[in-house]
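For what it's worth, the numbering used here labels the leading residue of the sequence shown as 167, then goes sequentially.
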Amino acid sequence: MDFALKVLLSFIVGGLAVSAVVWTSERLGSHIGGAIAGIPTTISLSLIFICFTEGSSTARASSVIIPVIILVGLLYTFVFTQAARYMNIRNKQLGATLIATMAWLVAAVIVRFVFANANLLVTVLVFLVGVVIAKYLFRNLRSAKPKKLNLPNSTYAVRFLVAGGVVASAVLATRLLGSLWGGVVSTAPAIASISLYLLYKSQGSAFTEGFVKRLPLSYVSAVVFVVILHTTLTHVPTYLAFLLGIIGSLTYTYILLIVNKPTKVVEQID
Numbered sequence: 167m168d169f170a171l172k173v174l175l176s177f178i179v180g181g182l183a184v185s186a187v188v189w190t191s192e193r194l195g196s197h198i199g200g201a202i203a204g205i206p207t208t209i210s211l212s213l214i215f216i217c218f219t220e221g222s223s224t225a226r227a228s229s230v231i232i233p234v235i236i237l238v239g240l241l242y243t244f245v246f247t248q249a250a251r252y253m254n255i256r257n258k259q260l261g262a263t264l265i266a267t268m269a270w271l272v273a274a275v276i277v278r279f280v281f282a283n284a285n286l287l288v289t290v291l292v293f294l295v296g297v298v299i300a301k302y303l304f305r306n307l308r309s310a311k312p313k314k315l316n317l318p319n320s321t322y323a324v325r326f327l328v329a330g331g332v333v334a335s336a337v338l339a340t341r342l343l344g345s346l347w348g349g350v351v352s353t354a355p356a357i358a359s360i361s362l363y364l365l366y367k368s369q370g371s372a373f374t375e376g377f378v379k380r381l382p383l384s385y386v387s388a389v390v391f392v393v394i395l396h397t398t399l400t401h402v403p404t405y406l407a408f409l410l411g412i413i414g415s416l417t418y419t420y421i422l423l424i425v426n427k428p429t430k431v432v433e434q435i436d
């Protein structure tokens, strides 16, 4: 599997993932959209690529830092919602995206240095503590019912192309920027960032905050995948390790949808 194929697959998977998250959120509400946002689509694709090019041992080692990198992604979503709420400019979603990206970049560099030699137990424990903190910080985020939109098919096509382009560009940057910055960019929350941008643009701030409020628990799905993969990858066939990880992730997401009921929502106010 060469690098060009990885960029192409990233474009397709990224476009489909963002389109699915945004479409589901707009149709079924932020409760379901936020839950499926935690399914590790691009993470699994990246680790599959590493398995094919560098071996399962390298992929297993690369998975160790993912839990704390996911926390940095949560930081991005929190900064986005706060910036979008309090900024007084016309294009709030763009300004919030820029501020959240800067905050993410600083945190991502720090995390890569601090946890460079950590083991999976440490990163998972840090992630769990971070989820508890995030749930506390996100407790006052608003929720809203989705607006009823009648969008033309061309809008969905443009969303797919833009989202796929953003994710593929992040993958391409990992090759062009060298080991340090390439490694940082490879962990960029591309799907989350474009999803938040599109949801804010179409649904407004209260609905987007409701979507973000679901993310701390939904991102546990990705960590379930990582833990299963890391535990099994060098002990069972590669395809089986990934299959078990994906099954575990989807099972968690299904349980989350059943147990974590929607909070009370308000009508759109923006």
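Backbone N, C-alpha and C define an ideal beta-carbon position, used for all residues, glycine too.
Query raised in the report: Are there 16 or more other CB atoms within 10 angstroms of the CB of E220, so buried, or fewer, so exposed?
Result: By the 10 Å Cβ count, E220 comes out exposed.
Query - Alpha carbon of T207 to alpha carbon of P355, nearest angstrom - result: Spanning the two alpha carbons is a distance of roughly 12 Å.
Query raised in the report: Between which two residues does the alpha helix (DSSP H) containing K258 stretch?
Result: DSSP places K258 in the uninterrupted alpha helix (DSSP H) bounded by K258 to V280.
Query raised in the report: For V310, which three-state DSSP category applies?
Result: Residue identity check: residue 310 is Ala in the sequence provided, not Val. It is a strand residue.
**Report entry** Residues of its chain near L346, where Cβ-Cβ distance is below 6 Å and the 5 sequence neighbours each way are ignored
**Finding:** Interpretation of L346 is limited by its pLDDT of 47, a score under 50 that renders its predicted location unreliable; the figure taken from the coordinates is listed afterwards. Excluding sequence neighbours, L346 sits near nothing in its chain.
Query raised in the report: Using CA coordinates, which residue listed in G239, F326, I214 and A183 is at the minimum distance from G226?
Result: It is worth fixing the name first, because residue 226 is Arg in this sequence and not Gly. Proximity to R226 across G239, F326, I214 and A183 peaks at I214, based on C-alpha coordinates.
Requested in this report: With a threshold of 16 other CB atoms inside 10 Å of the CB of F377, please say whether the residue is buried or exposed.
Outcome: Buried, because 16 or more other Cβ atoms sit within 10 Å of the Cβ of F377.
Query raised in the report: If you draw a straight line from the alpha carbon of L381 to that of Q369, how long is it in whole angstroms?
Result: Between L381 and Q369, the C-alpha separation is close to 17 Å.
Requested in this report: Compare the Cα-Cα distances from R325 to each of V188, F169 and L175 and report the closest residue.
Outcome: Minimum Cα distance to R325 is reached at V188.
Query raised in the report: So, are the CB atoms of A266 and Y302 less than 8 Å apart?
Result: Contact annotation: A266 and Y302 have beta-carbon atoms that are not nearer than 8 Å.
**Report entry** Exposure of R308, with buried meaning 16 or more beta-carbon neighbours within 10 Å
**Finding:** Under this definition R308 is a buried residue.
Query raised in the report: Quick one: does the C-beta of P312 sit closer than 7 Å to a heavy atom of the ligand NAD?
Result: This structure does not include the ligand NAD; it has no bound ligands of any sort.
Query raised in the report: In whole angstroms, what separates the C-alpha of L175 from that of L410?
Result: CA-to-CA, the gap between L175 and L410 works out to about 21 Å.
Query - From L287, I198 and N283, residue whose alpha carbon lies closest to that of T397 - result: Nearest of L287, I198 and N283 to T397, Cα basis: L287.
Query - Span of the alpha helix (DSSP H), counted from its first residue to its last, around F293 - result: In the DSSP assignment, F293 falls within the alpha helix (DSSP H) that extends over L286 to L303.
Query raised in the report: Excluding sequence positions up to five away, which residues of its chain have a Cβ less than 8 Å from the Cβ of F391?
Result: These residues qualify, in order along the chain: P206, I209, S210, G411, I412, G414 and S415.
Query raised in the report: CA-CA distance, T419 and I198?
Result: As the crow flies, the alpha-carbon of T419 is around 10 Å from that of I198.
Requested in this report: Work out the CA separation of I178 and D168 for me, nearest whole Å.
Outcome: C-alpha separation (whole angstroms): 16 Å.
Query raised in the report: In chain order, what residues of the same chain have a beta carbon less than 6 Å from the beta carbon of A249, not counting five sequence neighbours either side?
Result: If we look at A249 and ignore the five residues flanking it on each side, its Cβ neighbours are A262 and I265.
Query raised in the report: So what does DSSP say about S371, is it helix, strand or coil?
Result: Three-state result, S371: helix.
Report task. Would you mind sorting L362 into buried or exposed? The rule is 16 or more other CB atoms within 10 Å of its CB. Result -> Counting the other CB atoms within 10 Å of its CB gives L362 a total of 16 or more, which places it among the buried residues.
**Report entry** Residues near S222 in its chain [Cβ-Cβ closer than 8 Å; skip 5 each side]
**Finding:** Excluding residues within five positions, the ones whose Cβ falls inside 8 Å are L399, T400, T404 and A407.
Requested in this report: Name the two residues that bound the continuous alpha helix (DSSP H) containing H396.
Outcome: In the DSSP annotation of this structure, the continuous segment of the alpha helix (DSSP H) that includes H396 starts and ends at V386 to T398.
Query raised in the report: Exposed or buried, what is A112 when buried is set at 16 or more other beta-carbons lying within 10 Å of its beta-carbon?
Result: In this structure the chain extends from 167 to 436, so residue 112 is not present and cannot be described.
Query raised in the report: Could you check where the alpha helix (DSSP H) with A170 kicks off and where it finishes?
Result: Where A170 is concerned, the enclosing alpha helix (DSSP H) stretches over F169 to L194.
Query raised in the report: From this set, I202, V297, G195 and I276, which residue's C-alpha is nearest I421's C-alpha?
Result: From the listed residues I202, V297, G195 and I276, the smallest Cα separation to I421 is found for I202.
Query raised in the report: In chain order, what residues of the same chain have a beta carbon less than 6 Å from the beta carbon of G331, not counting five sequence neighbours either side?
Result: Correct list: empty, nothing qualifies.
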